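Enquirer: Next up is a structure, given as structure tokens.
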């Protein structure tokens with residue numbers, strides 16, 4: 004029995020990856036939930052808006068690299084995020100002006116706006132594929148690891164190594180910063196409070212003199228920031244492939260709904276709930292049990308509940324279970 | 005001429021006219037009750053004066069200024085505050101945030117106004133950081149009144165402020181409304197609880213099928229045998 008090695012094993016393969024994957028999902032889920040809470044529709048273009056923002060970060064990274072600009076040990080992509088955010092926000096505001104605002108002014112039912120967002124999704128997908136193509140792109144540079152598995156083994160003399168990628172740490176730090184600023188903005192500033200008021204009770208917000216146009220504009224700006232940062236962090240950690248962003252929409256929606264749709268803090272925690280469930284359920288525990296159980300009880304199989312190919316099934320199941328038993332989410336949110 | 009006046013208002017929601025040639029006026033420091041059976045157009049009168057529906061004819065004036073063509077938001081800027089019957093608070097926001105939102109258009113420091121509201125409704129100070137969704141019905145109505153008072157309005161319009169609250173809470177709410185009146189605000193309220201409403205009102209209007217059937221001081225109406233038999237239950 005060797006508990007220290009077992010814990011390191013779990014840290015290395017479950018907890019660290021789930022924390023960074025959860026952060027990436029959380030940013031997307033807050034995007035979903037804010038659009039739902041304020042503009043009152045499920046935005047199916049979420050994933051592709053993220054890939055749109057990330058695409059510009061990739062293109063700008065290549066450009067910066069060609070100019071010889073870099074951040075040393077940190078990825079150059081961090082430098083491009085502000086520019087990519089500006090482009091993404093402009094794109095979102097343009098789409099809103101020419102597509103969504105028409106249905107909003109007509110007071111179309113939410114399901115119609117959701118269908119419209121599917122149209123926006125296809126167009127955005129096409130734009131991304133025309134500009135950068137459907138292939139896998141790597142745009143990471145700088146120092147890959149903060150802690151390498153071998154170094155850790157040498158340092159501690161344990162059998163199991165703990166590898167921490169710089170992108171994982173960056174993801175977690177940046178997510179915490181972005182989310183803290185967002186919550187400060189929503190809870191402490193006058194504009195943020197007016198957005199919550201608008202989301203809570205639109206008619207009364209109008210009676211109180213809150214300008215709906217301004218609220219909508221700021222919502223898209225926040226959405227653009229979240230989409231770009233979330234997308235770039237995911238792309239740095241794995242790689243940039245337009246299709247994976249579309250795929251990630253399921254866990255993001257699941258996270259938003261688990262957390263109670265319309266509730267940004269719920270969506271934030273929901274991201275981690277989904278990430279941890281996906282990884283916990285698809286991890287092969289054979290080695291873990293080899294450490295904690297006596298040799299005589301050593302397992303012969305992989306002890307994996309589900310193959311990793313089914314990780315989306317996990318978020319989908321959570322989504323269904325939550326909708327069946329707690330439609331307003333774990334934290335208080337709106338009922339879909 | 006009265007301070008706030010809706011003169012010979014005719015209009016509805018696009019279909020047939022709900023109110024025809026209806027006149028309602030109120031002065032500062034006065035409470036006016038609009039009463040009448042269900043479907044008489046009480047709320048419609050209020051919505052017309054607030055600009056939520058378009059009038060076919062008639063004018064709305066405040067302090068001698070014609071505001072008939074202003075949007076509800078612009079009328080709010082003229083000092084007209086409205087408390088809807090339902091969904092009149094932000095349930096997901098704290099009591100204090102509700103008050104702050106009420107004064108969204110005001111640029112100056114709000115702390116002083118908020119303190120005045122707390123003096124008027126002491127319970128709100130106690131619960132200032134609690135979510136309004138967690139308060140009782142009577143407390144919510146106080147939040148709704150407080151929110152509307154944040155712009156320091158000259159006219160306060162209340163749509164059934166006592167709907168769905170217990171009799172004790174109702175008396176308490178009427179006390180609060182009387183306190184608001186003393187701050188020299190013109191108050192118009194639509195009410196179902198006719199007797200109680202008339203007893204605190206200076207004047208009342210009784211609408212029947214969109215027309216002003218009776219009007220007079222609260223006492224006159226309460227003692228009028230025709231009004232008693234038709235609307236007050238004898």
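Protein chains in written order, with this note's numbering: chain A, 4 to 339; chain B, 5 to 238. In this text, a Cβ means the ideal position worked out from N, Cα and C, and glycines have one as well. Predicted model only: the values in this text are computed from it and were never measured.
Closer than 6 Å by C-beta to residue 262 of chain A: which residues in its own chain qualify, once you throw out the five before and the five after it? Chain order, please.
Expert: Here residue 262 of chain A refers to the residue found at position 259 when the first chain is read from its first residue. If we look at residue 262 of chain A and ignore the five residues flanking it on each side, its Cβ neighbours are 269, 270, 272, 273, 332, 334.
Enquirer: Chain A partners of residue 76 of chain B, CB-CB under 9 Å?
Expert: In the second chain, the residue the question calls residue 76 of chain B occupies position 72. Neighbourhood of residue 76 of chain B in chain A, by CB distance below 9 Å: 209, 210, in chain order.
Enquirer: Sort A:65, A:291, A:329 by Cα distance to residue 304 of chain A and report the nearest one.
Expert: If you number the first chain from 1, residue 304 of chain A lands on position 301. Out of A:65, A:291, A:329, A:291 has the C-alpha closest to the C-alpha of residue 304 of chain A.
Enquirer: Could you name the residues of the same chain whose beta carbon sits closer than 6 Å to that of residue 238 of chain A, not counting the 5 residues immediately before and after it, in chain order?
Expert: As a first step, residue 238 of chain A is located in the first chain; it is residue number 235 there, counting from the start. Excluding sequence neighbours, residue 238 of chain A sits near 57.
Enquirer: Relative to chain B, which residues along the segment 42-53 of chain A have a C-beta separation below 9 Å, given in chain order?
Expert: Along the segment 42-53 of chain A, there is no position whose C-beta sits under 9 Å from a C-beta of chain B.
Enquirer: On the DSSP bridge list, what partners appear for residue 83 of chain B?
Expert: As a working note, residue 83 of chain B is residue 79 in the second chain. Residue 83 of chain B is not bridged to any residue.
Enquirer: Determine, for residue 105 of chain B, whether the minimum Cβ-Cβ distance to residues of chain A falls below 8 Å.
Expert: Residue numbering aside, residue 105 of chain B sits at position 101 when the second chain is read from its first letter. It does; some Cβ of chain A falls within 8 Å.
Enquirer: Could you work out which residues of chain B lie near residue 107 of chain A, taking near to mean beta carbons separated by less than 7 Å?
Expert: To locate residue 107 of chain A, count along the first chain from 1; it is residue 104. Here the premise fails: no neighbours, minimum Cβ distance about 17 Å.
Enquirer: Enumerate, from N- to C-terminal direction, the unbroken beta strand (DSSP E) stretches of 3 or more residues contained entirely within the segment 83-168 of chain A.
Expert: 148-150
Enquirer: Run down chain B in chain order and give the residues with a C-beta less than 8 Å from the C-beta of residue 213 of chain A.
Expert: The count along the first chain starts at 1 and reaches residue 213 of chain A at position 210. What residue 213 of chain A touches in chain B: 105, 108.
Enquirer: Who does residue 9 of chain B pair with in a DSSP beta bridge?
Expert: Against the second chain, residue 9 of chain B aligns to sequence position 5. B:29, B:65, per the DSSP bridge assignment.
Enquirer: Quick one: what does DSSP say residue 190 of chain B is sitting in, helix, strand or coil?
Expert: In the second chain, residue 190 of chain B corresponds to position 186, counting from 1. Strand at residue 190 of chain B.
Enquirer: If you pair each beta-carbon of the segment 18-36 of chain A with each one of the segment 275-291 of chain A, do three or more pairs fall below 8 Å?
Expert: yes
Enquirer: So, helix, strand or coil for residue 218 of chain B, using DSSP?
Expert: As a working note, residue 218 of chain B is residue 214 in the second chain. Strand, per DSSP.
Enquirer: Report the CB separation of residue 152 of chain B from residue 99 of chain B in whole angstroms; it is logged as a contact under 8 Å.
Expert: Your numbering for residue 152 of chain B matches position 148 in the second chain. Your numbering for residue 99 of chain B matches position 95 in the second chain. 14 Å between Cβ atoms; not a contact.
Enquirer: Report yes or no: do three or more beta-carbon pairs, one from the segment 179-190 of chain B and one from the segment 98-117 of chain B, lie closer than 8 Å?
Expert: no
Enquirer: Mind checking residue 221 of chain B: buried by the 16 CB within 10 Å criterion, or exposed?
Expert: As a working note, residue 221 of chain B is residue 217 in the second chain. Exposed, by the Cβ-count rule.
Enquirer: Decide yes or no for the touch test of the segment 190-210 of chain B against the segment 33-47 of chain B: beta carbon pairs closer than 8 Å, at least 3 of them.
Expert: Here the segment 190-210 of chain B lies against the segment 33-47 of chain B, with 3 or more beta-carbon pairs under 8 Å apart.
Enquirer: Taking buried to mean at least 16 other C-beta atoms within 10 Å of its own C-beta, is residue 97 of chain B buried or exposed?
Expert: Residue mapping note: residue 97 of chain B aligns to position 93 of the second chain, counting from 1. Flag for residue 97 of chain B reads buried.
Enquirer: Where does residue 243 of chain A fall in DSSP's three states?
Expert: For the purposes of this step, residue 243 of chain A is identified with residue 240 of the first chain, where counting begins at 1. In the structure shown, residue 243 of chain A sits in a strand (DSSP, three-state: E or B).
Enquirer: Run through DSSP, which three-state label would residue 111 of chain B get?
Expert: Numbered from its first residue, the second chain carries residue 111 of chain B at position 107. Three-state DSSP puts residue 111 of chain B in coil, outside helix and strand.
Enquirer: Tell me whether the segment 23-37 of chain B and the segment 195-214 of chain B touch, counting them as touching only if at least three CB pairs, one residue from each stretch, are closer than 8 Å.
Expert: yes
Enquirer: I want to verify the contact list: residues of chain A whose CB lies under 7 Å from the CB of residue 160 of chain B, in sequence order.
Expert: One-based indexing of the second chain puts residue 160 of chain B at position 156. By Cβ distance, chain A contributes nothing, its closest Cβ being about 13 Å from residue 160 of chain B, past 7 Å.
Enquirer: By Cβ distance, which residues of its chain are closer than 8 Å to residue 213 of chain A, with the 5 residues on each side in sequence left out?
Expert: Numbered from its first residue, the first chain carries residue 213 of chain A at position 210. If we look at residue 213 of chain A and ignore the five residues flanking it on each side, its Cβ neighbours are 197, 200, 201.
Enquirer: Run down chain B in chain order and give the residues with a C-beta less than 7 Å from the C-beta of residue 200 of chain A.
Expert: Translated into positions along the first chain, residue 200 of chain A becomes position 197. Neighbours of residue 200 of chain A on chain B, chain order: 94, 97, 105.
Enquirer: Identify whether residue 213 of chain A lies in helix, strand or coil by the three-state DSSP scheme.
Expert: Translated into the one-based positions of the first chain, residue 213 of chain A becomes position 210. Note: residue 213 of chain A maps to coil in three-state DSSP.
Enquirer: Just reading off the alpha helix (DSSP H) that residue 31 of chain A is part of, what are its end residues?
Expert: As a first step, residue 31 of chain A must be located in the first chain, where it is residue number 28. Element bounds for residue 31 of chain A: 19-37.
Enquirer: Do you know offhand how far residue 174 of chain B's Cα is from residue 111 of chain A's?
Expert: For this step, residue 174 of chain B is matched to residue 170 along the second chain. For this step, residue 111 of chain A is matched to residue 108 along the first chain. Between residue 174 of chain B and residue 111 of chain A, the C-alpha separation is close to 39 Å.
Enquirer: What are the residues that DSSP puts in a beta bridge with residue 15 of chain B?
Expert: The residue given as residue 15 of chain B occupies position 11 in the second chain. Beta-bridge partners of residue 15 of chain B (DSSP): B:23, B:59.
Enquirer: Less than 8 Å between CB atoms is the rule here; does residue 224 of chain B satisfy it with respect to chain A?
Expert: Position 220 of the second chain, counted from the start, is the residue given in the question as residue 224 of chain B. No, residue 224 of chain B lies away from the interface with chain A (no Cβ there is under 8 Å from its Cβ).
Enquirer: If distances are taken between C-alpha atoms only, which option among A:78, A:302, A:95 comes closest to residue 173 of chain A?
Expert: As a working note, residue 173 of chain A is residue 170 in the first chain. Ranking the options by Cα distance to residue 173 of chain A, first place goes to A:78.
Enquirer: Beta strand (DSSP E) containing residue 39 of chain B: first to last residue?
Expert: By 1-based counting over the second chain, the position of residue 39 of chain B is 35. Counting along the chain, the beta strand (DSSP E) containing residue 39 of chain B begins and ends at 35-39.
Enquirer: Would you say residue 196 of chain A reaches chain B, if we count a Cβ-Cβ gap shorter than 8 Å as a contact?
Expert: One-based indexing of the first chain puts residue 196 of chain A at position 193. With 8 Å as the cut-off, residue 196 of chain A counts as an interface residue toward chain B.
Enquirer: Just to confirm before moving on: does the CB-CB distance between residue 57 of chain B and residue 8 of chain B stay below 8 Å?
Expert: Here residue 57 of chain B corresponds to residue number 53 of the second chain, with the count starting at 1. Here residue 8 of chain B corresponds to residue number 4 of the second chain, with the count starting at 1. For residue 57 of chain B and residue 8 of chain B, no; Cβs fall outside 8 Å.
Enquirer: Is any beta-carbon of chain B found at less than 8 Å from that of residue 204 of chain A?
Expert: Translated into the one-based positions of the first chain, residue 204 of chain A becomes position 201. Yes, residue 204 of chain A lies at the interface with chain B (some Cβ there is under 8 Å from its Cβ).
Enquirer: Excluding the five sequence neighbours on either side, which residues of its own chain have a C-beta within less than 6 Å of the C-beta of residue 159 of chain B, listed in chain order?
Expert: By 1-based counting over the second chain, the position of residue 159 of chain B is 155. Spatial neighbours of residue 159 of chain B in its own chain (CB-CB distance under 6 Å, excluding positions within 5 residues in sequence) are listed in chain order as 8, 84, 190.
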